[in-house]
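Numbering (my numbering), first residue to last: 5 to 383. Just so you know, even glycine gets a beta-carbon here, dropped at the ideal spot from N, CA and C.
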RNA sequence: GUGGGUAUAGCGUAGUUGGUUAACGCGCCAGAUUGUGGUUCUGGAGACCGAGGGUUCGAAUCCCUCUAUCCACC
């Protein structure tokens, strides 16, 4: 399924073949939690901004509209009219991010729905069943994502439980893929490495989950409060213990700089809310740093967000107009920024892929980091 | 013309029986956000309290005059 095309140092580029098409890596998966990219972006738009993979969320879709509704509608692909790969996150992160509303036990997690407060139980089997109903291309294992400041003792307990849960996920998805009414009988499963900032726990866990011979492996529980240098240290230590000939997915990361650094450490799948959330909040990513389109200095600026950018926003609209839309709370303002940011990320991933395949990643990375972290954005 | 009310930041308001650097919302100016709870969160600037005079140790608060404005009645 995964074909390693090139390596440049530890940076790797591959082709991941799925029933919904080929993914060229490194790739940034565009986050659409509730089966939609926030900011009024349609799946039609995604074609214009080079989206390869859309990411949705098991927990959120289970709560609303319900995974059984989506199954009856023919699965997530049909439902949202998107025929390329979809990855569904397992709901494990919500255990962590909705921490005030949960109880973790060996069998799984008890949530209170954030929509109507009703009690929900989700364990490895439930998560797999929901993801099978959604019929995503790639399902994620149901894990626990503990805060990085947890004690070593808790972390070890949590990671051991995540391993037992992975075993149950594998058994359940194998069972589900063989059922007659399964929409995507070829659904594949990625395992998730945990261990906080304890590198020995990380390494041991990476070795253990690698033995399961899954189609891909993710690193979770990073970018949750620890410093960048700690995150990079954990990647330095952990990634070599995950299979080189499988996708390596760093969950929830990150800034353009985070991505460039993580690629250099062997990661080739990413996702992050930054381009969408920051877009909704008026921030644009450019090769001259980050811009805040709310700023007064753009009031009479007739240039596009980024001169030379081929995104749907930059090919037509001025900074002044987008600033006005944002100030007036017109939805189009958000939409244009989200389109621009996703295009920027997707294009950067393409550049990264080309650089690795050309053996020029080191120079590319150095130059790109300098550009994206330029402070006086948008001149 | 007569009677009454109101004047506090760009706008709308709060300021307790007169008491140290006059508060709040919106707006304005910035900053945050890492497997998204969809207009969020955190800061900042900005008013010598309509003008002038008086009472008082001390006035946005009390008194007088003026100005502006609103309401009612002629």
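(request) Please state whether DSSP places residue 144 in a helix, a strand or coil. (result) Indexing the first chain from 1 puts residue 144 at position 140. Under the three-state reduction of DSSP, residue 144 is assigned to strand.
(message) In the DSSP output, what is residue 126 paired with across the bridge?
(response) If you number the first chain from 1, residue 126 lands on position 122. In the DSSP assignment, the residues bridged to residue 126 are 113.
(message) In the DSSP output, what is residue 286 paired with across the bridge?
(response) Stepping through the first chain from its first residue, residue 286 is reached at position 282. DSSP, once it has assigned bridges, lists no residue as partnering residue 286.
(request) Alpha carbon to alpha carbon, how far is residue 203 from residue 129? Give it in angstroms, no decimals. (result) Your numbering for residue 129 matches position 125 in the first chain. Your numbering for residue 203 matches position 199 in the first chain. A straight line joining the alpha-carbon of residue 129 with that of residue 203 spans about 29 Å.
(request) Alpha carbon to alpha carbon, how far is residue 229 from residue 350? Give it in angstroms, no decimals. (result) Along the first chain, read from residue 1 onward, the residue named residue 350 stands at position 346. Along the first chain, read from residue 1 onward, the residue named residue 229 stands at position 225. Straight-line measurement puts the Cα of residue 229 at about 26 Å from the Cα of residue 350.
(request) Give the DSSP bridge partners of residue 107, in chain order. (result) Along the first chain, one-based indexing puts residue 107 at 103. Answer is 114, bridged to residue 107.
(message) Can you tell me whether residue 77 is helix, strand or coil according to DSSP?
(response) The sequence position of residue 77 within the first chain is 73, counting from 1. Note: residue 77 maps to coil in three-state DSSP.
(request) List the DSSP bridge partners of residue 21. (result) Position 17 of the first chain, counted from the first residue, corresponds to residue 21. Here residue 21 is bridged, per DSSP, to 26.
(request) Identify whether residue 353 lies in helix, strand or coil by the three-state DSSP scheme. (result) The residue given as residue 353 occupies position 349 in the first chain. In the three-state reduction of the DSSP assignment, residue 353 falls in the helix class.
(message) From the DSSP secondary-structure annotation, give me the bridge partner or partners of residue 304.
(response) Here residue 304 refers to the residue found at position 300 when the first chain is read from its first residue. Partner(s): none; residue 304 has no beta bridge.
(message) Can you give me the C-alpha to C-alpha distance between residue 265 and residue 210, rounded to a whole angstrom?
(response) Here residue 265 is taken as the residue at index 261 of the first chain, counted from 1. Here residue 210 is taken as the residue at index 206 of the first chain, counted from 1. Rounded to the nearest angstrom, the two C-alpha atoms are 20 Å apart.
(request) Keeping to the same chain, check which residues put their C-beta closer than 6 Å to that of residue 341; ignore five residues upstream and five downstream. (result) Within the first chain, numbered from 1, the residue matching residue 341 stands at position 337. Closer than 6 Å at Cβ, skipping near neighbours: 283, 288.
(request) Please state whether DSSP places residue 63 in a helix, a strand or coil. (result) Numbered from its first residue, the first chain carries residue 63 at position 59. Helix.
(message) Using only the alpha-carbon positions, how far apart do residue 144 and residue 93 sit?
(response) Position 140 of the first chain, counted from the start, is the residue given in the question as residue 144. Position 89 of the first chain, counted from the start, is the residue given in the question as residue 93. Their Cα atoms are separated by approximately 5 Å.
(request) Since I believe residue 23 is in contact with residue 141 (beta carbons under 8 Å), could you give me their beta-carbon distance rounded to a whole number of angstroms? (result) Taking the first chain and counting its residues from 1, one reaches residue 141 at position 137. Taking the first chain and counting its residues from 1, one reaches residue 23 at position 19. The pair is a contact, with the Cβ atoms about 7 Å apart (cut-off 8 Å).
(message) Nearest by alpha-carbon distance to residue 278: which of 295, 180, 259, 272 is it?
(response) As a first step, residue 278 is located in the first chain; it is residue number 274 there, counting from the start. Here the closest residue by C-alpha is 259.
(message) Can you tell me which residues form a DSSP beta bridge with residue 194?
(response) Reading the first chain from its first residue, position 190 is the one you call residue 194. DSSP lists 144, 220 as partners of residue 194.
(message) Pull the bridge partners of residue 204 from the DSSP assignment, please.
(response) Sequence index remark: in the first chain, residue 204 carries index 200 (1-based). Paired residue(s): none; residue 204 is not in a bridge.
(request) Taking 8 Å as the cut-off, decide whether the C-beta atoms of residue 16 and residue 240 are in contact. (result) As a working mapping, residue 16 is identified with position 12 in the first chain. As a working mapping, residue 240 is identified with position 236 in the first chain. The beta carbons of residue 16 and residue 240 sit no closer together than 8 Å.
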